[in-house]
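FYI, in the numbering used here the residues of the sequence shown are 747 to 865. Virtual Cβ for every residue (Gly too), placed ideally from N, Cα, C.
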Amino acid sequence: MRYMITGAGGFIGGAIAKDLVASGHEIVTFQRGQYPHLDALGGTHVVGDLSNLDLLAESMRGCDGVFHVAALAAISGDPAEFEKANIQGTQNIITACRREKIGRLVFTSSPSVVFSGED
């Protein structure tokens with residue numbers, strides 16, 4: 747099977763990519779930059795932004811499922827940037843999955859979704 751992993755440059759996304767390859771699956775990774783450890787896994791690697799719906803859809807074309815692990819996770823920062831990455835980005839992933847008729851989506855969240863900034 748062929749799977750796309752967003753946020754594959756991070757710890758969790760990278761581990762998912764590695765496990766999928768070890769299990770004999772083909773991967774397409776989607777992340778903000780180039781990562782040599784991903785290149786070593788083989789597959790297709792796309793550098794992009796979650797706000798680019800067309801690139802997302804094109805990248806996941808032909809995939810059997812998507813692991814959406816990408817997120818902006820920090821304890822401080824511009825709320826608009828968190829909204830763009832975490833909310834709009836996730837909406838774009840869902841829209842692209844629908845457009846490409848991909849029925850399997852695994853979504854992980856981030857602590858930034860529920861953290862109010864107070865202990």
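Query, Result
"Which runs of the beta strand (DSSP E), 3 residues or longer, sit entirely within the segment 826 to 857?", "851 to 853"
"With distances taken between CB atoms, is the gap from residue 815 to residue 773 smaller than 8 Å?", "no"
"Considering only the alpha carbon of each residue, which of 796, 838 and 767 lies closest to residue 779?", "796"
"Under 8 Å between C-beta atoms, does residue 834 make it to chain C?", "In the structure shown, chain C cannot be found, because there is only a single protein chain."
"Residue 768 to residue 785, Cα distance in whole Å?", "14 Å"
"In the DSSP assignment, find the alpha helix (DSSP H) that holds residue 814 and state where it starts and stops.", "Not the alpha helix (DSSP H): residue 814 falls in the beta strand (DSSP E), residues 811 to 814."
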